[in-house]
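Chains as they are written, first to last, in full-length UniProt numbering: chain Y, 1 to 219; chain Z, 1 to 219; chain V, 1 to 219; chain C, 1 to 219.
All residues carry an ideal CB built from backbone N, CA and C; glycine is no exception.
As the structure is a prediction and not an experimental result, all values here were calculated from the model.
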DNA sequence: GATGAATGAGAATTCATTCAT
DNA sequence: TATGAATGAATTCTCATTCAT
């Protein structure tokens, strides 16, 4: 998962270009059909150079995953963070909004991460996948525990089941949003978001109060 | 997606063996790395024959998907069916139980279907994937509409969002169960199920009433 | 060192052609520079087929070695054999004669074996080289022990040193003969052999009685 | 075979280091698999610099050969030299002893030279190999002629055959010693030599008097 | 002179698919 | 129909050599 140092000697801009080229190719074609040659060319780099940076295609892939997650958190982590009084439902809201806005400028990366999380590359990532899952889950688990403490989350259900519950909804919902974004193209941006916002809120409502009918009306 | 008639001329047992061999290979290695040769050998069939039954690897894959779904419904469909008064939560319960018991004898197929549903083969299945998704979603959507009608599901939220909601939880939860089954090995069967049953019920509770704290106690 | 069974399914003629092509290529260019493609083409076989017969270039090489030795012994072994009363000097004589005549029809193979014995492929063969060395040395060692017993070889010197002594001379002398054969082309055959015979006899004289001056004249 | 003058501008120490690094690499991996990069790194020199010193890998190799021989003769030549009354058997003795002691401190170089002499690099060296062979053979041939003149070597056998005879034994025997040295590690030094000395003397005995039984006892 | 990043020609190897028997 | 040998396009990966700094 670690590129050779030669990679880190490159200008950051170039590093960027290479990884983005890789991400784009992997997302488009999957791991096997992705060609090193194409990745190289799209990054304006020679095939040979790629092998000075990475031992092989798998290294490149694994590092692309790490890079994506890291970048995502570096960029958007602060939005997600984690004020004492923030609860998991706000997090879901913010998270969804971020994903949505991200889809506008970083669609490749977002889709790539989504694919990874959905297990599209299971065979490859099982090894080092823990890295991402840990990162993602730790945060959520934290929120859940906070929520239990401050009374916004019910205490009678195991943390891990709650994690599965929210993660499941979250993944599928992100996928749904991404499909919308994909379909709508890059132009929608704001108008698109209104409709979207309504959906996000509905989802949060479901997370909070479930889909059963006779829920408390006064809430 | 349609094998040649030669395939259907085979004894059913042989058809079975071939598809199961394919499923196992695809699950283990993904589409690209799956080898026709290995699939053939594991089915005690010659490589050449495979091409008398299927035009190419993709056909084989696509048919394997169809076959899996069909078999699944043939076998377990009656359990899922669809009495007028059954609600989606009962469905979830049954579904989960089935998956669990299925993992014992048909783990390859179950995992394969799960992978397909999670989008691992998106690139391939986009074309004809609709087939399954339709089948699965139509059912669920039906239930949702039923539920709304008979008062077990809230009416203020869009059908499709409810679909996403329940599907998301369902997928992730199945994955969780499958991992448990995998870890525990084939021997657990019954003991394993007690713990499992508790989890299923917790999940249904969450689906129904959400994870928020101040839910109505009188329910 | 073992080809896949597919190789042995081939007509013996074809097997022959393939290995001879390999031997010729290895001898001409050494292991690294030898191209699978060329070997395949010269054997009227496709590159892909080569990999149905052998796992990789190294397997092919290793098997070529084994094949050469085996063939050599199958063909000429009987000449070398090993009558009770044959002594090592006769063996040397026969051996040299065989090499010489072999150079006429099997020059590639002979040169190849010679190269292997001389250690040209040391890096590759160290692993399984034992096979040949054993074969060659066991025979010679036998002769030496026989010789000691029947009084044609001095007993005051360690078997292994005698082995080194005779092997050293033998290798270098074969090389010398091969160079002659190479230089003279294929036409010499018989005339060439007269001169050759004189040399062989000189060598045996040296092996027997050494190069010191005051050797016993009555011998 | 001639490095660029830039090479000779280097401190002698550095020249040394570079060539030794090359020798070590060539010996370990053979010419093709030897990497310029590794050679450079082990000599604490940049890959680019290597190409300021040598036109290409082959030049480097060829010069390494020359350098080895020259060094060998510079260091040990005086021991070998060539007093009027020295005979070839003394030479063999000295030679062997030197090799043995050399194996202790210059094992890389010794092995390298041995490989060259055995023809491991035949394809490469054929061109300029004459340089070494000439050097080595001229000496030996001289000795032989001396020996014939002063009565220590029989006159009835052709010089070149005698050359082959002694060279063959010599090469194989050196190889044998080198293997011993390799096996025993660097610590043996003196104890190892006793056993060794016996072997050397046996070899000379064989060279002088041959391996035949009924040699003259009065000698 | 020194450096090490960049290059790309070249080779090994893989495997879906074809096809003669 | 069944077989499995044959094929070659396609791809990964290597490394000597060049060249800008």
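Where does residue i sit, in a helix, a strand or coil, going by DSSP?
i                      : result
residue 157 of chain Z : coil
residue 48 of chain Z  : helix
residue 212 of chain Y : strand
residue 12 of chain Z  : helix
residue 178 of chain Y : helix
residue 112 of chain Y : helix
residue 86 of chain Z  : coil
residue 56 of chain Z  : coil
residue 152 of chain Z : coil
residue 2 of chain V   : coil
residue 168 of chain Z : helix
residue 34 of chain Z  : coil
residue 119 of chain C : coil
residue 40 of chain Y  : helix
residue 199 of chain Y : helix
residue 194 of chain Y : helix
residue 105 of chain V : helix
Tell me the rounded alpha-carbon separation between residue i and residue j.
i                      : j                      : result
residue 32 of chain Z  : residue 25 of chain Y  : 16 Å
residue 68 of chain Z  : residue 103 of chain Z : 14 Å
residue 14 of chain Y  : residue 123 of chain Z : 29 Å
residue 156 of chain C : residue 159 of chain V : 29 Å
residue 120 of chain Y : residue 174 of chain Y : 15 Å
residue 101 of chain V : residue 45 of chain V  : 30 Å
residue 2 of chain C   : residue 131 of chain Y : 55 Å
residue 107 of chain C : residue 95 of chain C  : 15 Å
residue 134 of chain Y : residue 70 of chain Y  : 13 Å
residue 51 of chain V  : residue 39 of chain Z  : 20 Å
residue 199 of chain Z : residue 167 of chain Z : 17 Å
residue 76 of chain Z  : residue 142 of chain Z : 18 Å
residue 8 of chain V   : residue 64 of chain V  : 14 Å
residue 219 of chain V : residue 176 of chain C : Note that residue 219 of chain V scores a pLDDT of 41, beneath 50, so its modelled location is shaky; the value from the coordinates is reported in the next line. Going by the C-alpha atoms only, they are around 32 Å apart.
residue 210 of chain Z : residue 49 of chain Z  : 53 Å
residue 201 of chain Z : residue 99 of chain Z  : 15 Å
residue 118 of chain Y : residue 5 of chain Z   : 36 Å
residue 27 of chain Y  : residue 86 of chain Z  : 41 Å
residue 20 of chain Y  : residue 105 of chain C : 53 Å
residue 59 of chain V  : residue 181 of chain V : 30 Å
residue 53 of chain Z  : residue 12 of chain Z  : 13 Å
residue 42 of chain Z  : residue 16 of chain Y  : 44 Å
For residue i versus residue j, is the C-beta distance shorter than 8 Å?
i                      : j                      : result
residue 111 of chain Y : residue 36 of chain Y  : no
residue 147 of chain C : residue 88 of chain C  : yes
residue 72 of chain C  : residue 169 of chain V : no
residue 125 of chain Z : residue 116 of chain Z : yes
residue 109 of chain C : residue 18 of chain C  : no
residue 154 of chain Y : residue 213 of chain Z : yes
residue 144 of chain Z : residue 171 of chain Z : no
residue 207 of chain V : residue 92 of chain V  : yes
Check the Cβ of residue i against every Cβ in chain V and list those closer than 7 Å, keeping chain order.
i                      : result
residue 169 of chain C : 165, 168 and 169
residue 120 of chain C : 119, 120 and 122
Chain Y partners of residue i, CB-CB under 7 Å?
i                      : result
residue 111 of chain Z : None at all; the shortest Cβ gap to chain Y is about 10 Å.
Find the residues of chain Y that neighbour residue i, judging by a C-beta separation of less than 8 Å, and give them in chain order.
i                     : result
residue 32 of chain Z : 30, 31, 32 and 33
Residues of chain C with CB closer than 8 Å to the CB of residue i, please, in chain order.
i                      : result
residue 157 of chain V : 202, 205, 206 and 211
Since residue i meets chain Y, which of its residues come closer than 9 Å, beta carbon to beta carbon?
i                     : result
residue 62 of chain Z : Those within 9 Å of residue 62 of chain Z in chain Y number zero; the least Cβ separation is about 16 Å.
Can you name the residues of chain V whose CB is closer than 9 Å to the CB of residue i?
i                      : result
residue 193 of chain C : Near residue 193 of chain C there are no residues of chain V at all, since even the closest Cβ is about 16 Å away, more than 9 Å.
Against residue i, what residues of chain C qualify as contacts under a CB-to-CB distance less than 7 Å, listed in chain order?
i                      : result
residue 221 of chain V : The question about residue 221 of chain V has no answer here: the residues shown for chain V are numbered 1 through 219.
residue 123 of chain V : 29 and 30
residue 10 of chain V  : Those do not exist, as residue 10 of chain V stays about 30 Å from chain C at its closest Cβ, beyond 7 Å.
residue 161 of chain V : 199, 202 and 203
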